[in-house]
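Below is one structure, written out as structure tokens, with a few remarks after it.
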Amino acid sequence: MAVLRVALALAGGLILAPMAVPAPSADIARGREHYLNRDFELAAAVAERAIAERPEGLDGHLLLARARLYAELARRGLVGTRAFRGDKPYASRPRPKPDPAAARAVLNVLERAISVARKRVALDAADVSALHALAQAQALLAVHRLMIERAFFRGLATGRAARSTSRQLGALRPEFHEGLLVAGIYEYGVGSLPWAAKAIVAISGHRGRNKLGLELIARAAEHGQGLRDEARLVLALALRRARSYARAADLFRALSRRYRRAYTYQMESADLYESAGRLSVALSEFRSVRRKREQAIDGFERIAPAMAEALDRRIAALERAVRDPL
Numbered sequence: 001m002a003v004l005r006v007a008l009a010l011a012g013g014l015i016l017a018p019m020a021v022p023a024p025s026a027d028i029a030r031g032r033e034h035y036l037n038r039d040f041e042l043a044a045a046v047a048e049r050a051i052a053e054r055p056e057g058l059d060g061h062l063l064l065a066r067a068r069l070y071a072e073l074a075r076r077g078l079v080g081t082r083a084f085r086g087d088k089p090y091a092s093r094p095r096p097k098p099d100p101a102a103a104r105a106v107l108n109v110l111e112r113a114i115s116v117a118r119k120r121v122a123l124d125a126a127d128v129s130a131l132h133a134l135a136q137a138q139a140l141l142a143v144h145r146l147m148i149e150r151a152f153f154r155g156l157a158t159g160r161a162a163r164s165t166s167r168q169l170g171a172l173r174p175e176f177h178e179g180l181l182v183a184g185i186y187e188y189g190v191g192s193l194p195w196a197a198k199a200i201v202a203i204s205g206h207r208g209r210n211k212l213g214l215e216l217i218a219r220a221a222e223h224g225q226g227l228r229d230e231a232r233l234v235l236a237l238a239l240r241r242a243r244s245y246a247r248a249a250d251l252f253r254a255l256s257r258r259y260r261r262a263y264t265y266q267m268e269s270a271d272l273y274e275s276a277g278r279l280s281v282a283l284s285e286f287r288s289v290r291r292k293r294e295q296a297i298d299g300f301e302r303i304a305p306a307m308a309e310a311l312d313r314r315i316a317a318l319e320r321a322v323r324d325p326l
């Protein structure tokens with residue numbers, strides 16, 4: 001089930017592409033940069049200004065929904081990095097408690113984004129921007145149901161609706177590679193479930209094709225424009241699952257160089273380089289993260305003390321491994 005939650009979470013994290021849809025305003029583009037840098041509150045502030053200026057604008061509502069949802073997921077420790085999954089002190093740290101009021105506030109934002117997109121689709125069923133926005137908003141709602149509400153089958157059903165909208169867009173504009181990315185992520189996520197879980201969800205009519213999903217993701221990663229980096233992030237996670245650690249690490253490192261404030265990307269690259277046996281490269285990346293935190297570079301001072309302590313332990317372990325290889 002965790003594979004599907006991650007896949008749909010990534011689907012929810014997508015942004016509108018400039019190909020075949022109107023280019024975003026400078027403010028929205030800046031807000032998207034904030035979002036991809038994991039500066040969720042800055043992204044939300046940009047979105048709120050955009051909505052105040054254009055209450056029925058698609059970009060502002062999607063950006064706000066995305067920023068608010070992922071801010072809450074981050075607050076609860078449900079998204080981030082796997083780099084410290086084996087660190088017992090870090091794993092056993094106290095976790096923030098669920099906040100029903102915050103969850104409801106996020107849900108309100110999501111429902112508003114879906115409502116705005118549906119109104120546009122109702123006016124013109126061939127509106128590429130509206131269909132693309134609707135698929136993404138539905139995917140965001142699926143993330144909320146899976147990861148915050150813990151309603152697995154409701155989340156699965158909402159994800160299937162997002163796939164359907166994405167397929168509709170793909171049939172309308174087959175040359176629009178980003179249009180099928182949401183569908184691809186759903187196909188990959190459901191198709192990657194363990195066989196027992198796959199059998200259970202198949203009874204409810206949910207099926208996915210792993211190979212097809214990966215092909216759609218790779219196509220967007222190679223040929224996309226507005227969603228290229230998001231598709232590369234999804235591809236990196238798929239490669240990590242397939243144990244293609246070096247390729248996944250390279251993708252994460254490239255993303256970390258582009259979105260310099262997103263420290264989790266650099267941590268993921270370091271973790272994957274270690275898994276690939278490139279210990280010196282992993283050590284260099286982890287040390288770079290620590291240096292940036294200590295010197296308050298690129299916002300790395302946002303790294304919480306508990307994570308910083310885990311980082312110190314990871315670096316020490318790697319230093320021993322490099323110094324005294326087996």
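If you read the sequence shown in the numbering used here, its first letter stands for residue 1, the second for the next number, and so on.
Note that beta-carbon positions come from the ideal geometry of N, C-alpha and C, so glycine has one too.
Predicted, not measured: the structure shown is a model, and the values here were computed from it.
- Contact between the segment 140-155 and the segment 163-174 is absent: fewer than 3 CB-CB pairs across the two stretches fall below 8 Å.
- Taking C-beta atoms under 8 Å as the contact rule, A238 and L214 qualify, at a distance of about 6 Å.
- In the structure shown, F84 falls within a coil segment according to DSSP collapsed to helix, strand and coil.
- For K97, the secondary structure class from DSSP, reduced to helix, strand or coil, is coil.
- DSSP, reduced to helix, strand and coil, places I297 outside both helices and strands of the structure shown, so it counts as coil.
- Annotation: F252 to L283 spans about 15 Å, alpha carbon to alpha carbon.
- Taking 8 Å as the cut-off, the beta carbon of L227 is found no closer than this to the beta carbon of E175.
- Rounded to the nearest whole angstrom, the C-alpha separation of E222 and R241 is 20 Å.
- Contact check between the segment 264-275 and the segment 70-84: three or more CB pairs, one atom from each, fall below 8 Å, which counts as touching.
- Around the beta carbon of V289, 16 or more other beta carbons sit within 10 angstroms, so the residue counts as buried.
- Shown here, V190 sits in a helix according to DSSP, grouped into three states.
- Put simply, of L64, E53, I114 and L58 the residue whose alpha carbon is nearest the alpha carbon of L42 is L64.
- Put simply, of G86, L36, R302 and V128 the residue whose alpha carbon is nearest the alpha carbon of S256 is L36.
- Of the candidates D99, D27, V190 and A133, D99 places its Cα closest to the Cα of E149.
- A residue is called buried when at least 16 other Cβ atoms come within 10 angstroms of its Cβ; A117 meets this threshold and is buried.
- Rounded to whole angstroms, the separation of the alpha carbons of A137 and L58 is 10 Å.
- For F152, the enclosing alpha helix (DSSP H) starts and ends at F152 to L172.
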